[in-house]
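Enquirer: Okay, so the sequence shown: first residue is 1 according to my numbering, each after it adds one.
Glycine included, C-beta positions come from ideal geometry on N, C-alpha and C.
These numbers were taken from a predicted model, which means no experiment stands behind them.
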Amino acid sequence: MKKTLLIILGIIVFLFAAAIAVPFIFKDKIIARIDREIAETVNAKVIYDIDNISLSLFRRFPNVSARIRDLDIVGNAPFERDTLVSLQELAVDFNLRSVLFDDYPTLTGVHLNGGDLYIKVLEDGTANYDITYPSEEVVQEKTAESSFKIGVDKIEISNLNVVYDDRQLNYFMALGGINAKGTGEFTADVYDLPIEIEALIADVTYENVNYLSNKTFKGNTLLNIDLENMKFTLGDGDFQLNDFIFGLSGYLAIPGEDIEMDVSMDGKDNEFKSILSLVPGIYTESFSSLKTSGSMDFHGKIKGIYNEEKTPTFDISLKIDEGMFQYPDLPRPVQNVNLDLQVLNETDNINNTSVNIPAFNLDFGSNPISGKLYLSDLVSYTMDAALKGKLNLDEITSIFPVEGLELKGNLDVDATAKGRYDSAAGIIPALNAKLLLANGYVKSADYPAPIEKLNVNASVQNPNGSMMDFLVDLSRFGFELEGEAINGNMKIRDFDKLIWEGTVKGGVDLKKILAIFPMEGMEMEGRINADISTKGSYAAVEAKNYNQLETQGELEMKNFRYVADDLPQKVEISTAKASFNPSNIQLSEFDSKLGSSPLQATGSLTNYMEYILGENGILKGQLSLTSNSFNVNEWMSESTSSDTASFELSVIELPKNIDFSMSVAASKVLYDNLDLKEVKGNMSLKEGVLSFSNASMKTMGGTIAMDGSYDPRDITAPLFNFKLNIAELSISEAFKSFNTIKAFAPIAQNLTGKFNSNLNFSGKLGADMMPLLSSLNGEGLLKVAETALKDSKILEGITSLTKLKDANSLQLKNISIPISIDNGVMDVKPFDVKLWDYQAKVQGTAGFDGSINYLVNMQIPAGKFGSQANSLLASITGTAADENTSIPLALNLSGTYNSPKIALAGGNSIESLLTNALKARVSGEAEGLQNKATEQFNAAQDSMKQVLKNKSAMAQDSTKKELEKQADVAKDKAVDEAKKMLKGFFPKSTPTAKPDSTSVKKDQ
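#1: Which value, in whole angstroms, describes the spacing of the CA atoms of Gly850 and Ile794?
#2: In angstroms with no decimal places, state the Cα-to-Cα distance between Asp591 and Ser574.
#3: Along the chain, where does the beta strand (DSSP E) containing Ile396 start, and where does it finish?
#4: Can Gly603 and Ser624 be called in contact, C-beta distance under 7 angstroms?
#5: Should Asp243 and Ser277 be called a contact, given that it needs their Cβ atoms to be closer than 7 angstroms?
#6: Starting from the C-beta of Glu156, find all residues in its chain whose C-beta is less than 6 angstroms away, skip the five residues before and the five after it, and write them out in chain order.
#7: Using 8 angstroms as the cut-off, can you tell me whether the stretch 654 to 668 makes contact with the stretch 698 to 705, which would need three or more C-beta pairs spanning the two stretches below that distance?
#8: Need the endpoints of the alpha helix (DSSP H) that Phe272 sits in, please.
#9: State yes or no: is the C-beta of Leu782 within less than 7 angstroms of the C-beta of Phe744?
#10: Under the DSSP definition of a beta bridge, which residues are partnered with Phe495?
#11: Quick check on Ser444: does DSSP put it in helix, strand or coil?
#12: So what's Phe360 in DSSP terms, helix, strand or just coil?
#13: Provide the residue span of the beta strand (DSSP E) that contains Asn857, from first to last.
#14: Between the alpha carbons of Asp675 and Ser597, how many angstroms are there, rounded?
#15: In the DSSP output, which residue or residues are listed as bridge partners for Gln240?
#16: Can you give me the Cβ contacts of Val162 inside the same chain, cut-off strictly under 6 angstroms, excluding the 5 residues immediately before and after it?
#17: In whole angstroms, what separates the C-alpha of Pro582 from that of Ala576?
#18: Please give the ranges of any alpha helix (DSSP H) in the stretch 695 to 765, keeping only runs that are unbroken, at least 4 residues long and fully inside the region.
#19: Which ranges would you report for the beta strand (DSSP E) in the stretch 761 to 834 if only whole runs of at least 3 residues count?
#20: Rounding to the nearest angstrom, what Cα-Cα distance links Met706 and Asn898 in this structure?
#21: In three-state terms, what does DSSP make of Asn351?
#22: Enumerate in chain order the residues of its own chain whose CB-to-CB distance from Asn113 is below 6 angstroms, with the five nearest sequence positions on each side excluded.
#23: So for Ile618, helix, strand or coil by DSSP?
#24: Three-state secondary structure (DSSP) at Asp269?
#25: Could you check the C-alpha separation between Ala21 and Leu160 for me, to the nearest Å?
#26: With DSSP collapsed to three states, give me the class of Leu623.
#27: Taking 6 angstroms as the limit between beta carbons, can you name the residues of its chain near Ala445, skipping five residues before and five after?
#28: What is the residue span of the beta strand (DSSP E) that Tyr48 lies within?
#29: Taking just the CA atoms, how far does Ser762 sit from Pro818?
#30: Am I right that Phe287 and Met265 are in contact with their C-beta atoms under 8 angstroms? What's the rounded C-beta distance?
#31: What did DSSP end up calling Thr41 once you bin it into helix, strand or coil?
#32: Determine contact between the stretch 819 to 831 and the stretch 710 to 722, defined as no fewer than three beta-carbon pairs at a distance below 8 angstroms.
#33: Please classify Asp72 as buried or exposed, where buried requires at least 16 neighbouring CB atoms within 10 angstroms.
#34: Can you tell me which residues form a DSSP beta bridge with Leu599?
#35: How would you call Lys764, buried or exposed, if buried means at least 16 neighbouring beta carbons within 10 angstroms?
#36: Got a sec? Which residues, its chain only, sit under 7 angstroms from Leu330 by beta carbon, not counting five neighbours each side?
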């Protein structure tokens, strides 16, 4: 017996040890297989750490469970900056028998715990989830079909966040905290899938209309899946949106291009409280303590085909009977809530949808509100509607938890509308509506004084349904705040012509208004006084007869200050005065501070009514702008730092609907690292292009005069074109300040003195608003009266090679250098210069990448070569050379300025060069020797230019793609906001620089 027990115990120990050992024995096999499948099927960067992969038999026995933590998938261009998948933990189960005995393991389960999925579809339909290789590529690259077997019978998902951003459909969805699980025979053609799911619906927006936001969702059902017919049938199940519980039954099928559906919906919890949970602002943390009563009944049916031309029929109804809710700490309820709603469409045309609310009513405390609505369709808009109610605002704070706000006044609404809308026949529904707010009062706990005497008296009349008889009469609106009043009135008549007449007069303190009604992310203060009257008609607007729009009056602003999240630089206006008349706005005074820069302006604006009211109106103006110090950098960067070195400039898009002529005078302007003085000139902004004329400035010890333009109409390839007249500019300071000089004339870093130039150049700007060197084109003449070259590696190379001069400096005078630039390649045409005591001619090129290729042709007196030249000449001719005999010497300068390569043209040593030169001199072919060297240089030069041209095209293409991404930033803001809403979205930082390989393992 004891022996038997020992044997059994030994078997158990063996099996236990084997269970521990098997995952380690076969870990390499499984990981290698995973790597192979990724490499053969996934066209993206799959990033993981091999040490974060673990295997276990116990986790999901009898399967082997492989778990990986911190897995990221990042797409390739154009999605290389978007993380498609970022998973905290992914576990997959493999059949143990397949691991032990089969060539390929069989996948049986998938478990996802914590992660984020970001799906993005561009306007052209390109999607970031399309990361599999095309079938033809797979056939070429794979030596055999994948034998990885799938027999999944369980899928579990927990705490997954999903953002779906489809810019082709203009559809956006953000879901957070998704938990789901399902089990079934996933490999079968037809199977049942019991499924449970819950999530936060953060945002669902389609065509800029928000349909759902901040709603919790739960659901469980038995889903029958027919993959062959692409039919999905819902069994018995419950679904919940906030506290609203409903059932779904029916099916959805996608047999081809159409979507077929037959779905029924029914409310399962008939309490009024359940439907109340869907009302924005009601479903909060205190919702469970809300006192409610009443019942509701909800039914819906959708049946038919959905495609681009058809919509299914639908019949949705909601009935609320004697609903009531009351906050537990407040004395008054909302009660007697009754509603009967039906939305019906019995055709496949969405325009035939009707809405019918035969009656609804509710009581806000002791204030009853009632109404009705019938809308026959979305074509004729035949309607019969009414709304009537009185509201004592003092009771609102006793019904709803409005903290820190006191309300008073009486609001009276009585409105009816009956008839149809027919624009061709000039018919609209008969209208009779009145709105009266008397003795309104609003006081915030954040400000001691109230807004009072808040009065609104408005009516909308159209007794017989004729557009001509339509009248909106806002006979009075106004309020007072600490003795300051604003009052006005407005009338609009004739629905077709929309003839208006109105006035507004008074003053308001903006700081007080924002203290009472605070706005997140914005600070504003200052006082505005206005006395403006206006009259005109929309018919005149349509006919572009803007001279018939009579707007006149005065507007004054004092001590205005504005700062916001999207304008962190801050705008301050100490005084501004403007007067209006139908033709123009006269700006008689404008004293402001934009960021840290003071700015004064005067001038006039014309065509302002067409600009405000017309679709393509152009605002025209003539302005005079002055400043004693203007910092351009802080308006070309998102940074608010006062440290200039920290600014990163970015491309500025200019409005195309403004036509301004401006004279500018600034004592000092800071642009990038340039300190400009006495800046003056004329600017014009027209059709999105900023042009400069007669502009001049002092900087770097000299002056720059310029004409030119900045053209960002294509924000992905902004252009510039300038004509410069430069006088007495410091060479060394110019090198420090201009990246163009650093690239094309790096020799300037070792030059003293000043230069003059007339230069025309154009090109594209990069994302940092600096010239894109690879795109530059230009021509001009550089003039240097006197300069010295010191400590140059080129000088060291020449003196070391030729032994002609032992010096590290060179004095130069009266140099004129003709240059031209073509796509980032500067061509220096031959120019004469004296190098030490020797006459020379220099020509060559410099590339935007810092490369140089120059030829220096010199005439050296033979005597400078000493006895070496005499000996060589005597051996050739039998006589000694005259010391003044000119010896041609040609030098090739290549490489880069800081790492130059100096070589002889026409010989590989001074001895051979002298021999060839003296032979040519004796035979009378000395000139031909230098011509030959020049021809060889030009041939090599052409080859170099072609290489640089190719590099230029690549650099410009890369910059354009970068700017295209920046232009897409505005659309990405919605995604960023959704990510903020989803707690923990993308918690890990993905490495900024990713290798190009498909699979990346982080080996330790």
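Expert: So, from the data block:
#1: 14 angstroms
#2: 6 angstroms
#3: Note, Ile396: premise wrong, no beta strand (DSSP E); not H, not E.
#4: yes
#5: yes
#6: His111 and Lys181
#7: no
#8: Phe272 to Leu276
#9: no
#10: Note: Phe495 sits in no beta bridge, so no partner.
#11: strand
#12: strand
#13: Ile852 to Pro861
#14: 14 angstroms
#15: Lys218 and Ile245
#16: Leu117 and Leu175
#17: 20 angstroms
#18: 731 to 737 and 739 to 744
#19: 777 to 790 and 809 to 822
#20: 32 angstroms
#21: helix
#22: Glu89 and Ser158
#23: coil
#24: coil
#25: With a pLDDT of 47 at Ala21, under the threshold of 50, the modelled position of that residue is not reliable, and no figure is offered here.
#26: strand
#27: Gly404
#28: Lys45 to Tyr48
#29: 17 angstroms
#30: About 23 angstroms; that fails the 8 angstroms criterion.
#31: helix
#32: no
#33: buried
#34: Ser592
#35: buried
#36: Ser398, Ile399 and Pro401
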